[in-house]
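Heads up: the structure comes next, in structure tokens.
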Amino acid sequence: MSKMLFVLSVMAFYNIFLALFISVEMGKVYGQSQEYSLSDIVSNMSMRLDRMELAMKDKDKKIEQLEYRLKRVAPTTPNAVAFRAYMTATTAYAKRQVVIYNHETLDIGNGYNPRDGLYFVPSTGTYVITWITVPNYNDYVQTLLVVNGAVVGSSFSDSEEIHDIHQSTGIVVLNLSKGDHLFIRVGSTKHGVIQSDDPRSKSAIAGWKLF
69 MSKMLFVLSV MAFYNIFLAL FISVEMGKVY GQSQEYSLSD IVSNMSMRLD RMELAMKDKD
129 KKIEQLEYRL KRVAPTTPNA VAFRAYMTAT TAYAKRQVVI YNHETLDIGN GYNPRDGLYF
189 VPSTGTYVIT WITVPNYNDY VQTLLVVNGA VVGSSFSDSE EIHDIHQSTG IVVLNLSKGD
249 HLFIRVGSTK HGVIQSDDPR SKSAIAGWKL F
């Protein structure tokens, strides 16, 4: 609403300026009417009106561009949904165990539970779910995105042969219904130590509703 009021204010200011401009120009023509013939005056006014019409079209175009930019910068999202959480400590996980991202930093829609790692979808729509997995030094781990008991995404992180951190990022775009539940769990790999002590990178999960 405030953006539309701004645009309307700009248009009102422009109309006032245009009215003042016409008044001034009419005064100029009237003052010179004794020196020029009627045809000269009409021709002069026609030229001025043409220039004014071009200026009005240019202003209208600029207003349209402004409205478009305002819509792109601040789209309306009355049903926004988003969440993010990360692990605060390196943790050893068994095969098929649910990964718990225990520190929640965002939860618009109130769907994530940092105590058990489960996310319950608050509203039906198309979502992006992404997660970062950092295996421990000289280790590897597979992580899976599970929705309603079915695996819909997989990621594999491997730094087994080097004393380094090789993180992986999984990302899935999918349709979800209100009440669906999802989580990240370790796959069937024999190792499963997930690192999250290093300040350079944290194992984390995030998701948001596109529409």
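The working numbering puts the first residue of the sequence shown at 69, with every later residue one more than the last. Here a beta-carbon is modelled for each residue, glycine too, at the ideal position from N, C-alpha and C. Here the structure is a predicted model, which means the values were calculated and not measured.
- Selection Glu135, Leu122, Thr159 and Ser111 evaluated against Val209 yields Thr159 as nearest (Cα-Cα).
- Judged by DSSP secondary structure, Ser225 falls within the beta strand (DSSP E) whose first and last residues are Ala218 to Asp226.
- For Ala274, the enclosing beta strand (DSSP E) covers residues Ala272 to Lys277.
- By the beta-carbon neighbour count (other beta carbons within 10 angstroms, threshold 16), Ser271 is buried.
- Close CB contacts of Leu186 within its chain, under the 6 angstroms cut and outside five residues either way in sequence, are with His249 and Phe251 (chain order).
- Around the beta-carbon of Val202, 16 or more other beta-carbon atoms lie within 10 Å, marking it buried.
- For the pair Ile176 and Lys277, the Cα-to-Cα distance works out to about 10 angstroms.
- Between the alpha carbons of Lys129 and Gln235 lies a distance of about 49 angstroms.
- In this structure, the beta-carbon distance from Leu174 to Ala157 does not fall below 7 angstroms.
- Shown here, Asp175 sits in a strand according to DSSP, grouped into three states.
- Annotated three-state conformation of Gln263 is coil, per DSSP.
- In the DSSP assignment, Gly238 falls within the beta strand (DSSP E) that extends over Ser236 to Leu244.
- Per DSSP, Gln210 is one residue of the beta strand (DSSP E) stretching across Tyr208 to Val215.
- Distance from the CA atom of Ile239 to the CA atom of Lys125, rounded to whole angstroms, is 46 angstroms.
- Bounds of the beta strand (DSSP E) holding Arg152 are Ala150 to Tyr154.
- Nearest in C-alpha terms to Phe188, of all of Leu244, Leu117 and Val261, is Leu244.
- In the same chain as Phe279, and ignoring 5 residues on each side of it, the C-beta atoms closer than 8 angstroms to its own belong to Gly193 and Thr194, in chain order.
- The Cβ neighbour count for Val241, taken over all protein chains shown within 10 Å, is under 16; the residue is labelled exposed.
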